[in-house]
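The sequence shown lines up with residues 106 to 331 when you count with my numbering.
As structure tokens, the structure follows; a few thoughts come after it.
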Amino acid sequence: MSSPSERIIGHMNKDHQLALSDYVVVYGDVNPANLIEESVQLVSVDEKQIVIDYDIIKPPITKTLSLYWHDAKEDENIQVKAYGDIKGKLIAMAKYCANEQGYAVKKLTKVHGPDFLGAPMYLVWLVLFVNAYDPTILRKLFANDALFNKLIGYLPGWTFALYRDMEKNAHRHIIGLAIAHLGEILFFTKGYLAKYRAPENQRWIWYVMNFFEGFPVMLRLRRATK
106 MSSPSERIIG HMNKDHQLAL SDYVVVYGDV NPANLIEESV QLVSVDEKQI VIDYDIIKPP
166 ITKTLSLYWH DAKEDENIQV KAYGDIKGKL IAMAKYCANE QGYAVKKLTK VHGPDFLGAP
226 MYLVWLVLFV NAYDPTILRK LFANDALFNK LIGYLPGWTF ALYRDMEKNA HRHIIGLAIA
286 HLGEILFFTK GYLAKYRAPE NQRWIWYVMN FFEGFPVMLR LRRATK
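Shown next, in the form of structure tokens:
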């Protein structure tokens, strides 16, 4: 059976390298741009201190952060007197270090695609662009489709009024949606993704989805970061 120290080391190195990197940046006063994040490893832990090894880019060397628990500032002022206190201390340290850098304690690493709320917006954009080009295209396309005309007979009257408005004012709707969704990106999504440290390539995917879908993307982001 592994010792408490070995279990903590294995768990932190496997699942919480982000927290270890934050410890190095804040407590070790290391520039995050000069830190090789994947090199950060917890190598020792006991009731007195933790020891973390990490590599930096310039100069290209391996360094060590030896941090005594009583020197590890955090907002809950947890004292480590036994191994049972270490988990709470590490969590409090992770929250403190993330907050000191202006980040959330967790990192968003996955892109969550359109759901039942967001997916219909792509069809809305398609209809708007087609109508902006030629409002008669869709009417001509489905005019002689018996099945389509039978199905739309079951739709409520307001859907026809909505479509006629989209047909008549397609350009206006395109401009309005574009402005509204760009505003969401600039004033919410951009900062939210930065706070949760989403990778640059993933951020652009979120931006594109937000441009077309609007608020459903904001809801997905909140669910993904709970």
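We put the beta carbon where it would ideally sit given N, CA and C, even for glycine.
Considering Cα atoms alone, identify which of the options is closest to residue i.
{"i": "H276", "options": "Q184, Q154, P219 and A237", "result": "A237"}
{"i": "Y188", "options": "I310, I113 and K255", "result": "I113"}
{"i": "V229", "options": "I257, Y268, P261 and A209", "result": "Y268"}
Do the CB positions of residue i and residue j come within less than 9 angstroms of each other?
{"i": "S149", "j": "I155", "result": "yes"}
{"i": "I161", "j": "K168", "result": "yes"}
{"i": "I279", "j": "F317", "result": "no"}
{"i": "G207", "j": "K331", "result": "no"}
{"i": "A197", "j": "D127", "result": "no"}
{"i": "L243", "j": "V232", "result": "yes"}
{"i": "D176", "j": "N204", "result": "no"}
{"i": "V145", "j": "L125", "result": "yes"}
{"i": "V129", "j": "I166", "result": "no"}
Between which two residues does the alpha helix (DSSP H) holding residue i run?
{"i": "P276", "result": "A small fix is needed here, since residue 276 is His in this sequence, not Pro. Segment A275 to E289, the alpha helix (DSSP H) holding H276."}
{"i": "Y297", "result": "K295 to K300"}
{"i": "Q122", "result": "Q122 to Y132"}
{"i": "P225", "result": "P225 to Y238"}
Jot down the residue ranges of each uninterrupted alpha helix (DSSP H) in the region 136-196, minimum 4 residues, whole runs only, in chain order. none
Below 8 angstroms, can you find three or more Cβ-Cβ pairs linking the region 303-310 to the region 265-274? no
Inter-stretch contact at 8 angstroms, needing at least 3 Cβ pairs: the region 311-328 / the region 217-226: yes
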